[in-house]
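Residue numbers (my numbering): 3 to 548.
Here you go:
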């Protein structure tokens with residue numbers, strides 16, 4: 003591809019780089035995706051695709067092959083001393099109310115197939131050996147398998163090339179953090195015995211934690227903390243006999259492991275950069291943050307880094323967005339990265355306690371609070387990544403008047419910065435039922451204009467739709483939604499509304515009268531107003547759109 007036709011160079015073709023390249027293509031940009039490896043990895047590595055990532059894949063148009071290929075896990079159990087301390091359900095208000103257990107090699111394969119359908123091919127055995135960036139763009143040097151070198155110029159470069167990122171090294175910035183002191187073992191193998199095939203099972207033990215994760219095809223991932231056994235370097239890979247011994251010591255008994263697919267020793271690093279954007283250079287995924295695998299958040303967080311950046315970069319590159327959009331990527335995602343790293347550290351420390359007194363206190367706290375519904379909901383929302391939000395961010399806004407102030411203070415409906423939830427709708431054109439998520443499968447912003455029970459409110463919503471379409475029509479799709487009960491009383495009263503809603507949407511979005519919600523292309527609420535005020539929405543959009 004001629005360099006003058008390129009919008010970006012994406013370095014690294016793991017799950018993050020593949021998501022990045024595919025999303026750039028879906029948003030109308032051209033990129034090259036390079037990776038220095040000769041082939042894709044055949045290792046299972048990251049196992050869990052959480053619910054929020056499944057919703058992301060839905061919007062991308064890629065979710066069905068993942069659902070078909072993975073195993074649906076519906077909960078997790080935490081044990082200590084033969085007692086079940088906590089059961090956490092992964093049930094959530096989502097079409098994807100489960101954790102999808104899928105080896106990373108399959109995730110990469112499915113993402114590569116999706117990217118290929120969008121015209122993106124991985125250039126393997128192509129290594130970034132240097133680059134320089136200025137206000138005009140980025141000049142990169144690439145080395146191919148035959149030793150030849152190539153120079154290209156792109157407006158942007160995005161480092162999705164892992165913990166040893168060449169893009170990050172080229173910036174010369176600090177990757178702050180340290181190695182966690184314990185050694186760990188990992189084993190992907192077959193297991194016979196009485197363990198749930200659709201739930202995670204975690205056992206606290208005085209010698210360390212032991213965890214079982216179901217995988218497709220009847221396999222399990224076994225992870226165990228080995229303590230501080232090797233002061234320097236990477237721990238040795240375990241033997242099958244050592245895995246069986248650890249399972250016998252810490253597990254529930256009666257479990258037999260066999261036919262290992264992958265045996266590995268590893269050590270945890272916890273590191274993060276201060277900023278994900280440096281001029282025309284961006285970092286995403288492990289290039290920007292690495293942490294404990296506790297909670298299975300790493301790959302999901304990196305893929306959502308890419309999901310957050312792609313639409314912003316596309317608007318700027320198309321001349322429709324202001325630079326504030328690109329700054330918001332770093333501001334929003336570093337906040338998420340710090341939270342993920344902190345939570346993973348807490349979970350790791352809880353599982354690796356060695357003091358009998360500390361272990362007893364830990365078990366008591368889990369036993370006491372783990373049964374409380376709000377605690378279980380918080381754990382589930384954190385793992386599924388539904389709790390991620392961009393409230394009070396640089397491109398997030400709220401508007402209210404004195405008449406609606408009670409609605410905001412009482413927390414009615416999702417707030418600006420929150421994930422936009424799904425709800426049932428009726429398409430007035432066809433009379434058929436549909437879902438709000440069906441309206442989200444696009445690259446534009448989505449403006450939801452929802453009326454209350456007063457007929458006169460629809461006139462105001464129509465005017466807002468006309469105003470927004472005239473100013474931002476190419477980047478915003480607007481939908482007027484009326485209550486189904488209003489249509490039953492007077493069908494003519496809802497003329498102009500494209501969809502009808504029942505109580506679910508009104509409750510989810512806190513609709514008490516005419517209300518507007520601006521949904522960003524990454525399906526977070528960017529702005530909300532009740533009553534709906536078109537002038538306030540335009541003022542908000544002008545902060546980051548041209």
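Beta carbons: idealized from backbone N, C-alpha and C, even for Gly.
Since we're looking at a predicted model, the values are computed, not measured.
Residue i and residue j closer than 8 Å at C-beta
i	j	result
residue 263	residue 246	no
residue 449	residue 483	no
residue 1	residue 522	Since the first residue of the chain shown is 3 and the last is 548, residue 1 is not available in this structure.
residue 2	residue 354	Here the chain covers residues 3 to 548 and nothing more, so residue 2 does not appear.
residue 168	residue 292	no
residue 201	residue 75	yes
residue 294	residue 349	yes
residue 1	residue 298	The structure shown does not extend to residue 1, since the chain is modelled only from 3 to 548, so the question has no answer here.
residue 252	residue 186	no
residue 160	residue 71	no
residue 52	residue 302	yes
For residue i, the three-state DSSP class (helix, strand or coil)
i	result
residue 215	strand
residue 411	At residue 411, the pLDDT of 47 sits below 50, so the modelled position is not reliable; the number obtained from the coordinates is stated separately. Helix.
residue 66	helix
residue 99	coil
residue 259	strand
residue 140	strand
residue 79	strand
residue 174	coil
residue 483	strand
residue 52	coil
residue 506	helix
residue 467	helix
residue 442	coil
residue 163	coil
residue 389	coil
residue 238	coil
residue 299	coil
residue 520	strand
residue 41	coil
residue 267	strand
residue 396	coil
residue 185	strand
residue 74	strand
residue 46	coil
residue 427	strand
residue 284	strand
Beta-carbon contacts of residue i that lie in its chain and below 7 Å, excluding the five residues immediately before and after
i	result
residue 195	256, 257, 258
residue 20	110, 113, 114, 117
residue 429	436, 501
residue 534	451, 462, 463, 466, 516, 517, 518
residue 61	442, 443, 525
residue 480	449, 451, 467, 470, 471
residue 199	216
Other residues of its chain near residue i: CB distance less than 6 Å, five sequence neighbours each side excluded
i	result
residue 312	25, 26, 29
residue 38	129
residue 203	79, 197, 214
residue 47	106
residue 277	332
residue 425	438, 506, 507, 510
residue 218	73
residue 152	144
residue 378	90
Contacts around residue i, its chain only, beta-carbon distance under 8 Å, and the 5 residues preceding and following it disregarded
i	result
residue 325	318
residue 547	317, 322, 323, 324, 474, 477
residue 41	126
residue 154	5, 8, 11, 34, 141, 142, 144
residue 221	190, 191, 192, 193, 263
residue 3	Below a pLDDT of 50, predicted positions are generally treated as unreliable, and residue 3, at 43, falls in that range; the measurement from the model is reported next regardless. Contacts found: 32, 34.
residue 176	275, 276
residue 375	none
Whole-Å CB distance - residue i paired with residue j, under 8 Å assumed
i	j	result
residue 558	residue 368	Absent from the model: residue 558. The displayed extent of the chain is 3 to 548, so no value can be given.
residue 13	residue 162	6 Å
residue 513	residue 460	The Cβ separation is near 13 Å, so there is no contact.
residue 273	residue 178	6 Å
residue 124	residue 15	5 Å
residue 226	residue 248	5 Å
residue 305	residue 55	6 Å
residue 344	residue 328	The Cβ separation is near 26 Å, so there is no contact.
residue 382	residue 206	So it is not a contact: roughly 20 Å between Cβ atoms.
> Are the stretch 81 to 93 and the stretch 359 to 374 touching by the rule of at least three beta carbon pairs closer than 8 Å?
Replying inline: yes
Query - the stretch 411 to 427 contacting the stretch 387 to 397, beta-carbon criterion three pairs below 8 Å - result: Enough Cβ pairs lie closer than 8 Å, so yes.
Take every Cβ of the stretch 493 to 502, pair it with every Cβ of the stretch 86 to 103, and state whether three or more of those distances are shorter than 8 Å. no
**Item:** Given 8 Å, three or more beta-carbon pairs between the stretch 266 to 283 and the stretch 334 to 350
**Value:** yes
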